[in-house]
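Student: Please read through the structure below; I'll follow up with questions.
Residue numbers (my numbering), protein chains in the order written: chain A, 4 to 120; chain B, 10 to 121.
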């Protein structure tokens, strides 16, 4: 009954370091998303994957890359971390048809709290 | 611009009372709406959703009301409990898009 699992839960990086945030879902959802959550702001979409084999940019993609490894897993990579990327990162998944006609709720993991010094 | 806003940033209610959390959405083309609960240190948790062909939907102790005329959404929590203390935010979704637009949230504090 895990739902969406994110690792690690916490991470501290130095400016310029790289790292990959991992996300896996066990609900057999087609679509997966990466968001960042900053104080006083709503969740902002970084990248999404409508289905296995596809990825697209969201609202704030600069400085990030993603990989949809398979249907279950969707990773987010910071190639050269910057202090502006200090945030809480959430992965989500949802079931959606190919034309986004019948949207369903997104289900979220518990986040990765990332600090960049 | 595109936004999903909330009228009250903090709402304090007595335990046992009913809570009402409000949300205004900006685009009349939005046809799907979701309420989430987020506890400290946790991810957003789905509470209830509603589609634009409905104006009311009930769950366990929660009711969502949708007023398309004034583009307003509300979440009603009956008999509020200490475990309901959290940040609540709404999201709007437009048919035919991947884009879920999330509000900034209202903090609900339950007073003993």
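Beta carbons: idealized from backbone N, C-alpha and C, even for Gly.
Are the beta-carbon atoms of residue 18 of chain B and residue 92 of chain B separated by less than 9 angstroms?
Tutor: One-based indexing of the second chain puts residue 18 of chain B at position 9. One-based indexing of the second chain puts residue 92 of chain B at position 83. No, they are not a contact pair.
Student: Using the beta-carbon of each residue, which ones in chain A are nearer than 9 angstroms to residue 113 of chain B?
Tutor: Here residue 113 of chain B refers to the residue found at position 104 when the second chain is read from its first residue. Per Cβ cutoff of 9 angstroms: 43, 44 and 45.
Student: Are the CB atoms of residue 52 of chain B and residue 111 of chain A within a distance shorter than 9 angstroms?
Tutor: Position 108 of the first chain, counted from the start, is the residue given in the question as residue 111 of chain A. Position 43 of the second chain, counted from the start, is the residue given in the question as residue 52 of chain B. The answer is yes: Cβ separation under 9 angstroms.
Student: Is the beta carbon of residue 20 of chain A sitting closer than 9 angstroms to the one on residue 9 of chain A?
Tutor: Along the first chain, one-based indexing puts residue 20 of chain A at 17. Along the first chain, one-based indexing puts residue 9 of chain A at 6. It is not a contact, given that the beta carbons lie outside the stated cut-off.
Student: Could one say the Cβ of residue 45 of chain B lies closer than 9 angstroms to chain A's Cβ atoms, at least one of them?
Tutor: Position 36 of the second chain holds residue 45 of chain B. Output row for residue 45 of chain B: interface = yes.
Student: Taking 9 angstroms as the CB-CB cut-off, is residue 109 of chain B touching chain A?
Tutor: If you number the second chain from 1, residue 109 of chain B lands on position 100. Output row for residue 109 of chain B: interface = yes.
Student: Please tell me whether residue 71 of chain A and residue 96 of chain A are closer than 9 angstroms, where the distance is taken between their beta carbons.
Tutor: On the first chain, residue 71 of chain A is found 68 positions in, with the first residue counted as 1. On the first chain, residue 96 of chain A is found 93 positions in, with the first residue counted as 1. No, Cβ-Cβ distance for residue 71 of chain A and residue 96 of chain A is not below 9 angstroms.
Student: Assuming residue 147 of chain B and residue 24 of chain B are in contact, meaning their beta carbons sit under 8 angstroms apart, how far apart are those beta carbons, in whole angstroms?
Tutor: Here chain B covers residues 10 to 121 and nothing more, so residue 147 of chain B does not appear.
Student: Within 10 angstroms of its Cβ, does residue 15 of chain A collect 16 or more other Cβ (buried), or is it exposed?
Tutor: If you number the first chain from 1, residue 15 of chain A lands on position 12. With fewer than 16 other Cβ atoms within 10 Å, it is exposed.
Student: Cβ atoms of residue 43 of chain B and residue 102 of chain B: under 9 angstroms apart, would you say?
Tutor: Along the second chain, one-based indexing puts residue 102 of chain B at 93. Along the second chain, one-based indexing puts residue 43 of chain B at 34. The answer is yes: Cβ separation under 9 angstroms.
Student: Given residue 75 of chain B, which residues of its chain have a CB within under 6 angstroms of its CB, disregarding the five upstream and five downstream residues?
Tutor: Taking the second chain and counting its residues from 1, the one referred to as residue 75 of chain B is at position 66. Excluding sequence positions up to five before and after residue 75 of chain B, its CB lies within less than 6 angstroms of the CB of 59, 64 and 82, all in the same chain and listed in chain order.
Student: Could one say the Cβ of residue 97 of chain B lies closer than 9 angstroms to chain A's Cβ atoms, at least one of them?
Tutor: By one-based count along the second chain, residue 97 of chain B stands at place 88. No, residue 97 of chain B does not count as interfacial toward chain A.
Student: Check the Cβ-Cβ distances between residue 109 of chain A and every residue of chain B, and say whether any is below 9 angstroms.
Tutor: Counting from 1 along the first chain, the entry for residue 109 of chain A is found at position 106. Answer yes: the Cβ-Cβ gap between residue 109 of chain A and chain B drops below 9 angstroms somewhere.
Student: Could you name the residues of chain B that residue 93 of chain A contacts, counting a contact when the two beta carbons are closer than 9 angstroms?
Tutor: Numbered from its first residue, the first chain carries residue 93 of chain A at position 90. Residues of chain B passing the Cβ test: 52 and 53.
Student: On the three-state DSSP scale, how would you describe residue 47 of chain B?
Tutor: Counting from 1 along the second chain, the entry for residue 47 of chain B is found at position 38. If DSSP states are grouped into helix, strand and coil, residue 47 of chain B belongs with the strands.
Student: Which runs of the beta strand (DSSP E) at least 3 residues long sit entirely within the segment 30-75 of chain B? Give them in chain order.
Tutor: Taken in chain order, the unbroken stretches of beta strand (DSSP E) that lie wholly in the segment 30-75 of chain B and span 3 residues or more are 39-47, 54-60 and 65-67.
Student: Whole angstroms are fine: how far does the CA of residue 108 of chain A sit from the CA of residue 86 of chain A?
Tutor: Residue 86 of chain A sits at position 83 when you count from the first residue of the first chain. Residue 108 of chain A sits at position 105 when you count from the first residue of the first chain. Rounded to whole angstroms, residue 86 of chain A to residue 108 of chain A spans 31 angstroms at the Cα level.
Student: Which class does residue 16 of chain B belong to by DSSP, given the choice of helix, strand or coil?
Tutor: If you number the second chain from 1, residue 16 of chain B lands on position 7. Note that residue 16 of chain B scores 44 on pLDDT, short of 50, meaning its location in the model is unreliable and no value can be drawn from it.
Student: Name the residues in the segment 62-77 of chain B whose C-beta lies less than 9 angstroms from a C-beta of chain A; which are they?
Tutor: none
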